[in-house]
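I have placed the structure first, in the form of structure tokens, so that the comments after it can refer back to it.
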Amino acid sequence: MADSRRVEVHAGREVVVDFDPSLTFECVDDCTWCCQHGVLLYEQDFFALAEHADLADATTDFRGEDFVRKEEKDREDHVGEDGQACYFLRDDGLCSLHLEHDWKPARCSVFPLAVTVEDGDIHVDIRDSAHEHCEGLDVSERKVIDNLDAFLPEVLWELDDPASDREL
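Numbering-wise (the working numbering), the sequence shown opens with residue 119 and increments by one.
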């Protein structure tokens, strides 16, 4: 693990960075690894999603929290080991929410980062599973530490529990 350091992400909002500051990330075509986990919807995301989709079709409740539903996909690529992927993942491997509405839930922005809370501070690291599954790590010049505002929406600081370890 790299030496931890505090970084201001948004005005007055900082995180403790627990990953190597030289790490780079850029989404790569046909990866869709992040679309295979079930997307936790924070309350603000749930209401925003209602503007773009039928919540009865697109969401499910799991252990008292709202998630974007996963569904069986009729293809072998872009799916998890269970043959499922995000409700909004199109056949071409692209996200209909992001493409058609220029919007995505906070949890989608966070990938491949892991968010935890320790002693009242938000800590950010790379998800353990990202090192073996995420093809976008260290393939570009885009340093994660210099672009944290793109990964970490301000809503995270307003939540009681912004931890990203909850999956469907």
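Cβ coordinates follow ideal geometry from the N, Cα and C atoms, glycine included. The structure presented is a predicted model; accordingly, all values stated were derived computationally and were not measured.
- The C-alpha of S122 lies about 23 Å from the C-alpha of A224.
- Annotation for L231: the continuous beta strand (DSSP E) segment containing it runs L231 to E236.
- Per the coordinates, the alpha-carbon of E161 lies some 24 Å from the alpha-carbon of W151.
- Restricting attention to beta strand (DSSP E) runs no shorter than 3 residues, the stretch 128–180 encloses them at 131–135 and 177–180, ordered along the chain.
- DSSP places A248 in the helix class (H, G or I) of the three-state scheme.
- For F185, the enclosing beta strand (DSSP E) has its first and last residue at E183 to V186.
- For H241, the three-state secondary structure derived from DSSP is strand.
- From the listed residues H170, E253 and C226, the smallest Cα separation to L274 is found for C226.
- The Cβ neighbour count for A232, taken over all protein chains shown within 10 Å, is at least 16; the residue is labelled buried.
- The beta-carbon distance between T142 and D256, rounded to whole angstroms, is 5 Å. This is short enough to meet the 8 Å contact definition.
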